[in-house]
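K.L.:
All the letters of the sequence shown, read from the start, carry residue numbers 3 to 407 under the working numbering.
Note that CB positions come from ideal geometry on N, CA and C, so glycine has one too.
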Amino acid sequence: MRDTVRAGISVLLASAVLLVVLEMVSALAFYHKNRGALPPSSTVAALMKLTGVLAPPPERPSKLQTLVEMRSREPRVYPHYLFNPQLHERPAFYHLGNVARSRILFCDEAGYWASWISDEIGFRNPAGQLGGAVDYILLGDSFTEGACEAEADTFAGQFRAAGQRVMNLGRGGSGPLFQLATLREFGPLVRARQVVWFVFAGNDMANLREEKTTPLIRYLEDPAYSQDLAGRRDEVSARLEHFLDRQVALDLERREQGRELPYAAQGYGETLDIIEAREKEAGLFGQVAAAILRQTRAQGAALRIVLLEHPSEGYPHDIQDSTAGAVRGFAEKAGVPLLHVDRAALAAEPDLYTPVGSHFGAEGYRRIAGRVQAWLTGLGAGPEKAPEKAPEKGQEKDRGGVRAR
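Here it is in structure tokens:
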């Protein structure tokens with residue numbers, strides 16, 4: 003009798019363990035399919051944390067380790083760097099680009115450390131474009147720059163593969179004021195037909211809240227303000243090289259002493275909530291957008307706006323809605339064509355993103371680039387047009403998961 007009971011208990015325990023394992027496997031599969039739309043507090047997310055503890059993924063070398071290893075084979079390798087005034091003693095410039103004519107080590111969301119060769123002004127372009135004609139200037143943040151994928155898999159890479167000439171002025175970590183400054187400093191170096199401004203609703207308003215406290219605000223206050231970064235580009239790049247070489251040495255010293263990097267977890271826009279966004283930043287966003295439009299027209303180009311949302315709860319949806327409202331309001335008033343890629347459409351395609359981060363993977367860049375290209379082709383090369391009458395709710399034009407206005 004006891005043997006029978008023990009056998010029954012063993013069967014029950016084995017069944018319970020099997021059910022737990024199956025639940026975890028199912029949860030993992032569901033997570034990777036729906037990662038972008040899951041809130042961090044969900045049961046599935048909790049299971050992901052648990053399984054991460056039980057079976058941690060193999061560690062890749064850190065960015066610093068990778069940089070040192072790459073420099074042993076290729077001297078001109080520098081980390082991707084967004085200017086942080088706190089790290090500089092007395093900066094002569096507010097740097098907008100990376101080190102010029104160098105390999106730039108970017109990020110590793112796709113399972114490898116992505117890197118690329120910068121052009122003569124420190125942006126992600128082939129050399130030799132300055133002074134020439136291009137079809138598009140791409141303006142925006144890390145999505146525009148192409149984090150964290152190989153060149154062929156970025157927006158710019160997809161455009162070039164389709165035979166279009168592109169000047170990519172995207173910069174990871176940048177917001178609207180930074181992008182206005184970038185367009186003014188470097189946009190005139192090419193003859194562009196159109197400027198395509200990618201607005202990321204996920205954090206552009208938080209970026210703006212930080213940027214307005216820096217010298218970048220001068221680009222909004224004074225339409226003639228410039229640091230002459232293009233004209234002094236050799237000096238600008240040399241100063242940035244010197245700073246980063248020293249910073250790498252300091253970081254190696256920290257590593258030897260077992261210290262954390264003091265800026266590794268630096269945040270931005272922490273004081274932004276929906277009330278602050280609505281009452282303060284939304285209006286400023288519109289002013290910056292108007293300045294970008296004026297700068298675009300001064301360069302003889304037409305402005306197009308692509309508004310990207312994000313399905314993750316990590317980017318508060320109310321802030322995204324506030325950003326989207328500000329951008330739509332500006333576009334309708336100014337007559338600027340707008341392509342709105344909303345989070346509902348993006349959540350329906352969870353395989354758009356990298357396995358561990360917030361950026362598009364190669365497939366995501368390819369699909370969204372295709373939709374943007376089709377939209378731009380439909381608009382033609384002319385100046386801004388009066389937008390189509392805003393459709394009633396639920397009646398937006400659906401063009402492959404996006405809404406055009």
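For S117, name the three-state secondary structure that DSSP assigns.
P.N.:
Reduced to three states, the DSSP call for S117 is strand.
K.L.:
Would you call the stretch 284-302 and the stretch 328-339 in contact, with 3 or more CB pairs under 8 angstroms?
P.N.:
Because the criterion of three Cβ pairs below 8 angstroms is met, the stretch 284-302 and the stretch 328-339 touch.
K.L.:
Taking only three categories from DSSP, how would you classify G302?
P.N.:
DSSP places G302 in coil when its eight states are reduced to three.
K.L.:
By how many angstroms is the C-alpha of Q196 removed from the C-alpha of L140?
P.N.:
Cα to Cα, the separation comes out at about 9 angstroms.
K.L.:
Look at Q249 and L89 and say whether their C-beta atoms are less than 9 angstroms apart.
P.N.:
Contact: yes.
K.L.:
Return the CA-CA distance between A293 and A350, expressed in angstroms with no decimal places.
P.N.:
Answer to the nearest angstrom: the Cα atoms are 35 angstroms apart.
K.L.:
What separation, rounded to the nearest whole angstrom, lies between the Cα atoms of S74 and T68?
P.N.:
Answer to the nearest angstrom: the Cα atoms are 10 angstroms apart.
K.L.:
In or out: H244 buried (at least 16 other Cβ within 10 Å) or exposed?
P.N.:
Burial call: exposed.
K.L.:
Is it true that the CB of R126 sits closer than 9 angstroms to the CB of G189?
P.N.:
No. Outside cutoff.
K.L.:
Could you pull the DSSP bridge partners for F245 from this structure?
P.N.:
F245 is not bridged to any residue.
K.L.:
Considering only the alpha carbon of each residue, which of M72, D206, P225 lies closest to Y270?
P.N.:
Checked all of M72, D206, P225; the closest Cα to Y270 is D206.
K.L.:
Tell me the residue span of the beta strand (DSSP E) that contains Y83.
P.N.:
First-last for Y83: undefined, no H or E at that position.
K.L.:
Between the Cα of D344 and those of T184, E311, G359, spot the shortest distance and give me the residue it belongs to.
P.N.:
Comparing Cα-Cα distances from D344 to each of T184, E311, G359, the minimum goes to E311.
K.L.:
Report the three-state DSSP secondary structure of Q277 (helix, strand or coil).
P.N.:
In the sequence as presented, Gln is not what sits at residue 277; that position holds Ile. DSSP places I277 in helix when its eight states are reduced to three.
K.L.:
What does the alpha-carbon distance come out to for the pair P313 and L348?
P.N.:
Going by the C-alpha atoms only, they are around 6 angstroms apart.
K.L.:
Taking V201 as part of the beta strand (DSSP E), name the residues at either end of that continuous run.
P.N.:
Run containing V201: 193-202, per the beta strand (DSSP E) assignment.
K.L.:
Where R256 and T273 are concerned, what is the direct C-alpha to C-alpha distance, given to the nearest angstrom?
P.N.:
Cα to Cα, R256 sits roughly 30 angstroms from T273.
K.L.:
Compute the distance between the beta-carbons of Y367 and L242, then report whether it is under 9 angstroms.
P.N.:
No, the Cβ-Cβ distance between Y367 and L242 is not below 9 angstroms.
K.L.:
Check whether the stretch 354-367 and the stretch 149-157 touch, using three or more Cβ-Cβ pairs below 8 angstroms as the test.
P.N.:
Touching, yes, given that three or more Cβ pairs across the two stretches are closer than 8 angstroms.
K.L.:
Who are the near neighbours of E187 in its chain, counting only those whose CB is closer than 7 angstroms to its CB and skipping five residues on each side?
P.N.:
So the qualifying residues of the chain are L98, S228, Q229, L231, A232.
K.L.:
Report yes if the C-beta distance between D143 and S104 is below 9 angstroms; otherwise report no.
P.N.:
Against a cut-off of 9 angstroms, the Cβ pair of S104 and D143 comes out as no contact.
K.L.:
Residues bridged to M169 by DSSP?
P.N.:
According to DSSP, M169 bridges with I139.
K.L.:
Buried or exposed: N170, going by 16 or more other Cβ atoms within 10 Å of its Cβ?
P.N.:
With 16 or more Cβ atoms within 10 Å of its Cβ, N170 is classed as buried.
K.L.:
Please report the distance separating the alpha-carbon of G133 from that of N100.
P.N.:
Each residue's Cα considered, the two are about 20 angstroms apart.
K.L.:
In or out: L309 buried (at least 16 other Cβ within 10 Å) or exposed?
P.N.:
With 16 or more other Cβ atoms within 10 Å, it is buried.
K.L.:
Ignore the nearest five residues each way along the sequence and tell me which others in L354's own chain have a CB closer than 8 angstroms to its CB.
P.N.:
Once the five neighbours on either side are set aside, the close Cβ partners of L354 are G38, L348, F362, G363, E365, G366, R369, I370.
K.L.:
I'd like to know whether the C-beta atoms of E122 and R193 end up nearer to each other than 9 angstroms.
P.N.:
Taking 9 angstroms as the Cβ cut-off, E122 and R193 do not qualify as a contacting pair.
K.L.:
Per DSSP, which residues does I307 bridge with? Please list them.
P.N.:
Answer is W199, L340, bridged to I307.
K.L.:
Give the single residue among V168, E212, R220, A164 whose Cα lies nearest to the Cα of L182.
P.N.:
L182 has its Cα closest to that of R220, out of V168, E212, R220, A164.
K.L.:
Short of 7 angstroms in beta carbon distance, which residues of its chain neighbour L263, apart from the five on each side in sequence? Order them along the chain.
P.N.:
Cβ neighbours of L263 beyond the five flanking positions: D253, R256.
K.L.:
What is the rounded straight-line gap between the Cα of G295 and the Cα of F200?
P.N.:
Checking the displayed sequence, the identity of residue 295 turns out to be Leu instead of Gly. C-alpha separation (whole angstroms): 13 angstroms.
K.L.:
Is any heavy atom in the ligand NAP found nearer than 8 angstroms to the beta carbon of A336?
P.N.:
This structure lacks the ligand NAP, and indeed carries no ligand of any kind.
K.L.:
In terms of residues, what are the limits of the beta strand (DSSP E) holding R261?
P.N.:
Premise fails: R261 is in no beta strand (DSSP E) and is neither H nor E.
K.L.:
Classify L107 as helix, strand or coil using the three-state DSSP reduction.
P.N.:
DSSP places L107 in strand when its eight states are reduced to three.
K.L.:
Closest to H319 by C-alpha separation, out of E334, L340, Y138, A346, would be which residue?
P.N.:
Ranking E334, L340, Y138, A346 by Cα distance to H319 puts A346 first.
K.L.:
Go through its chain and collect everything with a Cβ distance to F332's Cβ below 6 angstroms, but skip five positions before and after it.
P.N.:
G288, A291, listed in sequence order.
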